[in-house]
Structures are given as C-alpha cells and as structure tokens.
Amino acid sequence: IARGASWSALAVSLETGDTLFAYEPDQPLAPASNVKLLTTAAALYQLGPDFRFGTYVLSTALPEGGRVDGDLILFGTGDPSLSDRFSRGRAEPLEALADELLAQGITHVSGRLVADGSFLNGPGRSPEWPVDDLDDWYSAPVSGLSFNENLVTLRTTPASSPGASPIVSVVPEIGREGIVNEATTRPGRGRPDLVITRTEFNGPIRVIGSVSSTQRPIWKRMTVTDPTRFTGEAFRGLLSARGIVVEGGVEVVADPRVSPLRTAGFTAGDSSNYLHTLASHHGPPLRDYLEVVNRTSHNFFAESVFKTLGRVSLGRGSYNGGRTAVDRFLTGTAGVQSGQVLLRDGSGLSPQNEASASAFVQLLSWMTTSEHSVAFESTLPVAGQRRGLGRMYRTAAAGNLRAKTGTIERVSALSGYVMARNGEKIAFSLISNGIRSSAQAKRLEDRLGVSLANWDGSSP
Numbered sequence: 034i035a036r037g038a039s040w041s042a043l044a045v046s047l048e049t050g051d052t053l054f055a056y057e058p059d060q061p062l063a064p065a066s067n068v069k070l071l072t073t074a075a076a077l078y079q080l081g082p083d084f085r086f087g088t089y090v091l092s093t094a095l096p097e098g099g100r101v102d103g104d105l106i107l108f109g110t111g112d113p114s115l116s117d118r119f120s121r122g123r124a125e126p127l128e129a130l131a132d133e134l135l136a137q138g139i140t141h142v143s144g145r146l147v148a149d150g151s152f153l154n155g156p157g158r159s160p161e162w163p164v165d166d167l168d169d170w171y172s173a174p175v176s177g178l179s180f181n182e183n184l185v186t187l188r189t190t191p192a193s194s195p196g197a198s199p200i201v202s203v204v205p206e207i208g209r210e211g212i213v214n215e216a217t218t219r220p221g222r223g224r225p226d227l228v229i230t231r232t233e234f235n236g237p238i239r240v241i242g243s244v245s246s247t248q249r250p251i252w253k254r255m256t257v258t259d260p261t262r263f264t265g266e267a268f269r270g271l272l273s274a275r276g277i278v279v280e281g282g283v284e285v286v287a288d289p290r291v292s293p294l295r296t297a298g299f300t301a302g303d304s305s306n307y308l309h310t311l312a313s314h315h316g317p318p319l320r321d322y323l324e325v326v327n328r329t330s331h332n333f334f335a336e337s338v339f340k341t342l343g344r345v346s347l348g349r350g351s352y353n354g355g356r357t358a359v360d361r362f363l364t365g366t367a368g369v370q371s372g373q374v375l376l377r378d379g380s381g382l383s384p385q386n387e388a389s390a391s392a393f394v395q396l397l398s399w400m401t402t403s404e405h406s407v408a409f410e411s412t413l414p415v416a417g418q419r420r421g422l423g424r425m426y427r428t429a430a431a432g433n434l435r436a437k438t439g440t441i442e443r444v445s446a447l448s449g450y451v452m453a454r455n456g457e458k459i460a461f462s463l464i465s466n467g468i469r470s471s472a473q474a475k476r477l478e479d480r481l482g483v484s485l486a487n488w489d490g491s492s493p
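Take the sequence shown: its position 172, counted from the start at 1, is 205 in this note's numbering, and no numbers get skipped.
What follows is the structure, given as structure tokens:
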C-alpha cells in the first residue's frame, strides 16, 4: 500500500501538546471529504449554530381582491433542505409557502413567477469536479434556490411490445429536464444493457441501450442542470394545484446585479418600497445541516454552506467567496499556517484540494477551545456505530473515536478526536494519496485510531 503513495499524518495530545505520531505532517495532500471539517468549523464560527436559511415569496404589488397585479418573486438564500430531508414530503416546505398565499385569498397573479437564485451565484459546481461524476447525486449543483436536493429519479420499465422504447418516467416530473429515449425493449430474459447519462454538460438525459421484456424497473438518480428553474417550476405547479393562476411563465434570475431585490443590500424578510413579503419559510438551525454534512458526508449541503459563507461574510456567494471566507477563518482565527490549505470547494470532491495533517490537527485543537466545540464534535461520526463511521466495532475506539472520513479516487483520509486509555484527548489526522486500495488504507486508519484509543500514556 505504501509503494507509490504519499502520506501526511499527525497525532497530538490536547492535554500536553506532545506529538504522539507524525509522518510528513506539513505535506499538503488531497484530503477528500475531510475538507468538510474546514467548512463546518468555519460555518459555526462565522454563521453560528442557530443560523437559519430563509426562503421568501414577494410581490411587486400588494394583493387586492385576491389579485396581484404584478410579479411574484420566489427568493432563496441557499437553503439546501427544501426537500424531505427534514420534512415529511419533498414538497412540504414549498407547499407551506403556497398555502400562505392561499390563506391570504390570493388566486390570480397577472405577471410572472420570478425564481431568484442569485443569493448564491457563479458556477453551481466547482470547475475541478470530475466530469464523469456530474450526473451523479453527489455532484448536484448549488443555487440560491434548490428543490429536492436538485435531483430527479428516473424509472425505466420495458415496453409491452419488443422493439419499442422502454417507458421512462421522472420523479418529480417538473420543468424542462429533457429526456432522449434511444433505448429498445428486447424479447426474453437477460441483464439490462442500459446507459442513462448526459453526453453534454447541460444537455438532455439520454437513455441508450436495451432492456429485456421481463426486466424489473430500473431506478437512477440524476442531477438537474438548472436548479433555480427547477425550483420555480415546482412552486408554480404547487400554486396551480391550489387554484392560484400565474399568467406569466417562470423567469430565472441568477445574476445578483439584475435581481429585483438588488441582493447586495437586501435584508432577508424586509419589504422595500415596491416589494412586499407575502410568505416565508425558515429551515432548521444550522447545527442540523452540519450533522448532515459530516455524518452523511453530503456534498450538496456542504457546498451550499460553503457558498453561503462567502455571501454572508463577504457579499460574494460564489466559490471564490466561499474559499476566501474559509481561508480567512483558518489562517486568521484558527491558527492554521498559510500554505497548509488550498481549497477548491467546500466538500472535498475536487481532487485539486490540498491540506496537511498539521492543518487538520491545528483546526481540531482550536475547535476544542471554541464556544462551538460541543456543537462541532456532535456533527462527527462515531466509531462502532452503524449510523456513524460503521468501523472499529468492538474495539477501544468504538463509541469513543469521533472522526470524518474522506474517500475519492486513490485518496483516503480520517481526521478527528479520540480519548486515550489514560484519559488524554487526542487530535489526529491521517491522509493518503496515490493509494492502490481504499480498503487497505482504511484498515490502516482503523489501526491508528484503535492504537490511540489504547494508548496508556507510555512512550508511543
């Protein structure tokens, strides 16, 4: 496993400051999802655990007699949870907004529905993400307005007649996610020879190949290409289902410079001289989102928080804004040395991210002195728990070690805390690049974690 691989490792006692283990600790390597530790720590410090994302419905004219003689504006501030993540149904948060309008007696809008996702701007994905991953659920793009975690699920079933195209349905069936069905149904049995993909970055979903006539349904989750329009179309459909007619179509705003809210100076929830807030929805406190980020290693939530950091801290809801906000926290507040971290995104999916074991141990050490230390540690997966790390069962690390995993192609990492047998709390980080076997790398991570948990204070 060591042949051709690069390593950065460090373990430090937080009680004494002694180094228990070190190997090239200052060497920056790709840390995969360990980047989420940097994003969540910065979010707790800069936004606070009680920060809440808001989504608003505004109008350009006050309702009169059940009519809005103007536009409706659906404005989001980057909430990634307009889904069933914290709700009973995927549409429940948007349904609540539509129900507020219905309760006010609104039945007719003469103008358009403006879907304004400009609070977070720029590319929805990091340009360094692997192209082959962009269709997959873990590469969903980020927007100021998002719905259903910016995913659709395709269901493909065989046609009743051989030679005909299989039946492809989309859930939720919203918006303009085009599908080109070039597949066929073949007689008899056999494994499906089906490819569901996009051949162009923002192109239609193509269904290619064949399925047998006895094939059971094939399901695949796919990312959407225009999250803001996807959310706007979903909301317009919910309004229509309640008898609220919007005469105009859905207009998408992605650039804050042309936003009707002029977001550079907008205070969420306030009404200006010509915009009127009709309904609002606020998600759970940020601490709940950060548990999703670290415990389930959710890239979409991580990137939403990352870009929100840039927007709230610097007025720039872009990847550059997020990078600058996290970098300033790490070097200006948490004591991480300059040059030890180079960020390309907030989730770790980009193989161009770099961070050293020293950087992670310094951050972990600083966080124990922060007022947010308990909230931060509570987001970390726990060894020996199925809903945690799912590793190191029946060892001294089980129920003790809390750490974030990281895995992308030829990269593995584990960084976090463990309580040693002698009662000393240890911060550790182990990052490997160029590995041939992720499973072998993780076994080595487990050996280190268990060894630290068993440490009795004698010489390492």
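Using N, Cα and C, we set each Cβ at its ideal position, and we do this for glycine too.
Check	Outcome
Whole-angstrom C-beta distance between residue 461 and residue 369, which should lie under 8 Å	Contact flag wrong, Cβ pair sits at about 16 Å.
Distance, residue 46 Cα to residue 487 Cα	13 Å
Sequence-distant residues of the same chain with beta carbon closer than 7 Å to residue 137, five excluded per side	96 and 311
Cross-strand partners of residue 91 (DSSP beta bridge)	106 and 310
Option nearest residue 275 by Cα separation, candidates 464, 72, 129 and 71	129
Of the listed residues 420, 315 and 449, nearest to residue 88 (C-alpha basis)	315
Host beta strand (DSSP E) of residue 284 (start-end)	283 to 286
Local Cβ density within 10 Å of residue 480, reported as buried at 16 or more and exposed below that	exposed
Exposure label - residue 202; buried when at least 16 CB within 10 Å	exposed
Residue 302 versus residue 313 - alpha carbon distance	At residue 302 the pLDDT is 47, less than 50, meaning the model places this residue with poor confidence; the figure from the coordinates comes in the next sentence. So the alpha carbons of these two residues sit roughly 8 Å apart.
Whole-angstrom distance between residue 110 and residue 132, CA atom to CA atom	20 Å
Backbone secondary structure at residue 401 - three-state DSSP	coil
Length-filtered (4 minimum) alpha helix (DSSP H) runs lying within the region 211 to 253	none
Buried versus exposed, by CB contacts within 10 Å (16 or more), residue 424	buried
6 Å Cβ shell around residue 426 - same chain, five flanking residues per side excluded	417
Test item: CB-CB of residue 459 and residue 40 under 8 Å	no
Rounded C-alpha distance that separates residue 380 from residue 119	21 Å
8 Å Cβ cutoff met for residue 106 and residue 318	no
Backbone secondary structure at residue 76 - three-state DSSP	helix
Residue 280 vs residue 175 beta-carbon contact at 8 Å	no
Whole-number beta carbon distance between residue 251 and residue 189, since they are thought to touch under 8 Å	4 Å
Alpha carbon of residue 326 to alpha carbon of residue 373, nearest angstrom	23 Å
Those residues which DSSP pairs with residue 175 across a bridge	In the DSSP output, where bridge partners are listed per residue, residue 175 has none listed.
Limits of the unbroken beta strand (DSSP E) element including residue 438	435 to 441
CB contact flag (residue 286, residue 149, <8 Å)	yes
Validate contact between the region 443 to 450 and the region 58 to 75 using beta carbons, cut 8 Å, 3 pairs	yes
Buried/exposed call for residue 182, threshold 16 Cβ in 10 Å	buried
Inter-residue spacing [alpha-carbon to alpha-carbon] between residue 431 and residue 411	15 Å
C-beta atoms of residue 238 and residue 187 nearer than 8 Å	yes
Contact under 8 Å by Cβ, residue 225 with residue 245	yes
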